[in-house]
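Reminder that position 403 of the sequence shown reads as 738 in the numbering used here, one-by-one numbering, no gaps.
From the three backbone atoms N, C-alpha and C, an ideal C-beta is built for every residue, glycine too.
Remember, predicted model here, so these are calculated numbers, not experimental data.
Below: the structure, in structure tokens.
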Amino acid sequence: MKRNIILFAVLLAVACGGVYFFYSAKIMQTDFASQSEVNSVVSNQDVAVALAAKSVSNTYRGPLDDCLQNGFVYTRLGDMMADCTLNYVHFYPSPAAKTQNMQKRKAGELKIGSFNLFHLGDNQAPLKNLALMANVINRWDIVGAQEFMPLPSDAALNNLSLMKLLQDESKKPIRFPYDDWHVVTPGYLKLLQELQKLDSSWALILQSSPAGEGSTGEMAGFFYRSSLVDLKEWDYCPAERSADIKTNAPLKNYACLVQVPEQTQKLISRTAFAANFRSGQFDFVGLTAHIRFRPPDSEADLRIQLDTICSMHADLKKCNLPKDSIGRFYEVVAVVEQISSIKEKAHDKDVIFMGDFNLELQPKNVEYWKAALRKAPGFVATQTELTTLSVPGNKLASNYDHFIFDPTETTECDARTAKSYNILLAAKVTQDPVLKKFAGFFKAGGQTAFAETVATDLEKMLKYQEKGDLFVRPLSDKEKKDYTDSMAESLKRMKVNDYAAEVELISDHLPIELSCRTNKADKVRK
């Protein structure tokens with residue numbers, strides 16, 4: 336008996352161009368997508384039925400599965416290459432695509448950024464402006480990024496099922512019956528595609544699975560401009576895990592999570608992601624992390640963490656951290672304890688630890704920073720400007736984002752240049768057309784006009800559904816409401832004040848930046 340197949344597509348002009356499709360065996364959910372031209376209908380339903388009937392795993396592994404779907408469900412034109420390993424997932428342009436529109440950069444300079452992207456890819460921020468975010472990130476050449484989110488479970492399982500429709504028996508991609516379509520795509524991959532519109536050499540390497548607080552966990556990684564920055568093999572990461580997940584063929588040993596001991600791993604929420612880079616004469620290891628926000632539930636774990644920090648404090652009697660800070664400083668310690676091994680395995684002295692530490696750099700806690708960094712002599716935390724956005728106060732609140740490195744060893748980078756990049760201020764003074772558009776949200780009527788655009792676009796939403804034959808019908812009022820409730824709430828929040836709009840469109844953090852040189856040879860170590 337033929338299984339009933341339902342192909343859904345919902346069109347919404349406020350999303351990216353194309354048509355979203357979901358396979359459904361009467362259990363999957365629809366979602367919304369952007370309007371484009373729709374062409375022919377399935378020419379051979381029996382083939383689709385047979386392929387879809389194959390068993391589909393109900394386990395979604397985050398970036399690892401996203402990587403395996405590259406070329407089938409995502410980026411089917413072949414312009415994006417992907418390496419899928421247990422150590423890392425690597426998305427990068429094909430050789431032909433890489434040189435299509437590479438941006439010229441000033442010789443000898445390397446601009447490093449770090450950016451908490453605030454729930455990139457989940458439903459908490461449905462109106463993110465990815466083009467604007469890409470325009471900001473394009474200021475730099477390598478960016479440590481935090482808060483990549485895995486796909487929502489319904490979309491992830493839909494895409495796993497859809498992949499069965501999009502390959503033949505020999506596992507090769509087949510033509511789908513529509514010329515212009517796309518699926519619900521991971522936020523980090525959509526952002527990479529926006530970056531490649533600005534410079535075709537942008538690439539992304541990130542951890543292969545989510546980890547940490549929350550029901551879904553999150554990922555960290557690095558966007559890098561591959562015309563200026565190369566990944567470099569090293570001995571730190573377990574070589575057997577840098578193998579192709581499908582064929583087990585060895586791949587380049589570029590990156591992995593920091594290898595903390597098992598006992599330490601039990602005490603932390605997540606560790607840093609480490610990758611080895613080269614730009615010109617400058618070789619360095621980048622570490623990026625989103626340090627935990629909430630304290631551990633276990634009082635015993637909290638005591639172990641505090642004892643560890645206090646054992647390195649200059650004055651044990653004065654070691655009395657607030658509960659929220661204990662786990663945060665301990666996660667810094669867990670990474671810093673591995674820096675000597677990282678240097679040894681990388682055969683390099685240059686390590687730059689960047690991210691959202693959820694810890695301020697202030698005189699009142701400087702001794703705790705010294706304690707946390709004691710196992711890495713010479714390393715200091717930099718960047719004291721405020722980086723978190725307070726919506727209730729309509730102001731910047733805390734300086735949680737930092738670069739940590741040894742300025743006496745990593746002389747290629749100038750610690751004095753470490754600072755935040757105030758997107759809101761830049762948007763109001765710049766001539767850049769994308770940032771000027773962002774500034775329009777703070778002018779009279781700007782947000783109202785945006786809301787009207789969204790409301791108008793809802794009338795263009797259509798639904799593809801099979802009842803004997805495929806047909807198109809408008810969404811019902813209830814379906815429109817189901818699809819747009821989260822956007823309506825986002826619009827409502829956006830109207831509170833300027834910082835609320837920035838949170839909804841971009842992030843609740845400002846990015847930070849650091850200037851380095853790539854034409855300066857390393858000091859010869861005696």
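{"Query": "Near the ligand SAM: N611 beta-carbon under 6 angstroms from a heavy atom", "Result": "The model depicted lacks the ligand SAM and carries no ligand whatsoever."}
{"Query": "Closest Cα partner of G621 within the set L760, S821, Y735 and G479", "Result": "G479"}
{"Query": "Distance CB(L586)-CB(D418) smaller than 7 angstroms", "Result": "yes"}
{"Query": "For E482, the first and last residue of its enclosing alpha helix (DSSP H)", "Result": "First-last for E482: I477 to F483, but that is the beta strand (DSSP E), not the alpha helix (DSSP H)."}
{"Query": "Nearest neighbour of M468, chosen from H844, V593 and V686 [CA to CA]", "Result": "H844"}
{"Query": "Alpha-carbon to alpha-carbon, A610 and D298", "Result": "What the structure shows of the chain is the stretch from 336 to 861, and residue 298 is not part of that stretch, so it cannot be assessed."}
{"Query": "6 angstroms CB neighbourhood of D636 in its chain, flanking five on each side removed", "Result": "L602"}
{"Query": "From S755, L566, W537 and A466, residue whose alpha carbon lies closest to that of S614", "Result": "L566"}
{"Query": "Identified DSSP bridge partners for C402", "Result": "According to DSSP, C402 bridges with nothing at all."}
{"Query": "Short Cβ contact (7 angstroms threshold) for A707 with F777", "Result": "no"}
{"Query": "Cα-Cα separation between N451 and A716, rounded to whole angstroms", "Result": "17 angstroms"}
{"Query": "Proximity winner among R560, T752 and I477, relative to K532 (alpha-carbon distances)", "Result": "R560"}
{"Query": "Buried versus exposed call for H737 [16 or more other C-beta atoms within 10 Å across all chains shown]", "Result": "buried"}
{"Query": "Beta carbon of V686 nearer than 7 angstroms to that of V593", "Result": "no"}
{"Query": "Beta strand (DSSP E) segment containing R560, residue limits", "Result": "M554 to R560"}
{"Query": "Anticipated Cβ contact below 8 angstroms, E720 with W475, distance rounded", "Result": "Not really, about 16 angstroms apart at Cβ, beyond 8 angstroms."}
{"Query": "Alpha carbon of A360 to alpha carbon of L731, nearest angstrom", "Result": "With a pLDDT of 30 at A360, under the threshold of 50, the predicted position of this residue should be treated as unreliable, though the coordinate-derived value follows. Looking at the two C-alpha atoms, the distance is approximately 48 angstroms."}
{"Query": "Those residues which DSSP pairs with D736 across a bridge", "Result": "D691"}
{"Query": "Beta-carbon separation (whole angstroms), L455 vs S544, contact threshold 8 angstroms", "Result": "Contact doesn't hold; Cβ gap of about 16 angstroms is too wide."}
{"Query": "P727 versus V838, M498 and A584, residue with shortest Cα-Cα distance", "Result": "V838"}
{"Query": "Beta-carbon proximity list for D659, same chain, < 7 angstroms, skipping 5 on both sides", "Result": "P630"}
{"Query": "DSSP state of E747 mapped onto helix, strand, coil", "Result": "coil"}
{"Query": "Beta-carbon proximity check, F407 vs M415, cutoff 7 angstroms", "Result": "no"}
{"Query": "Start-to-end residues for the alpha helix (DSSP H) that takes in P768", "Result": "P768 to A774"}
{"Query": "Member of K433, C851 and K816 whose CA lies at the smallest distance from the CA of E747", "Result": "C851"}
{"Query": "DSSP three-state assignment for E372, whether helix, strand or coil", "Result": "Its pLDDT being 24, under 50, E372 is placed unreliably by the model, and the measurement read from it follows with that caveat. Residue state, collapsed to three classes: coil."}
{"Query": "For R613, the residue or residues it bridges with in DSSP", "Result": "D565 and D618"}
{"Query": "Where N422 falls, given that 16 or more other Cβ within 10 Å makes a residue buried", "Result": "buried"}
{"Query": "Segment limits, alpha helix (DSSP H) that includes D833", "Result": "D833 to L840"}
{"Query": "Spatial neighbours of D579 in its chain, beta-carbon cut-off 6 angstroms, leaving aside the 5 residues before and after", "Result": "L586"}
{"Query": "DSSP-derived helix/strand/coil call for T423", "Result": "The amino acid at residue 423 is misidentified as Thr; the sequence shows Tyr. Y423: coil per DSSP, three-state reduction."}
{"Query": "For P461 and S725, believed in contact at Cβ under 8 angstroms, the rounded distance", "Result": "About 22 angstroms separates the two Cβ atoms, so there is no contact after all."}
{"Query": "Integer-rounded CB distance, given that P846 should sit under 8 angstroms from Y756", "Result": "5 angstroms"}
{"Query": "Cutoff 8 angstroms; reference I644; Cβ partners in own chain excluding five residues on either side", "Result": "C654, L656, I661, F664, Y665, V668, Y703, A706 and A707"}
{"Query": "Residue from A431, K433, Q528 and K446 whose Cα sits closest to the Cα of K754", "Result": "K446"}
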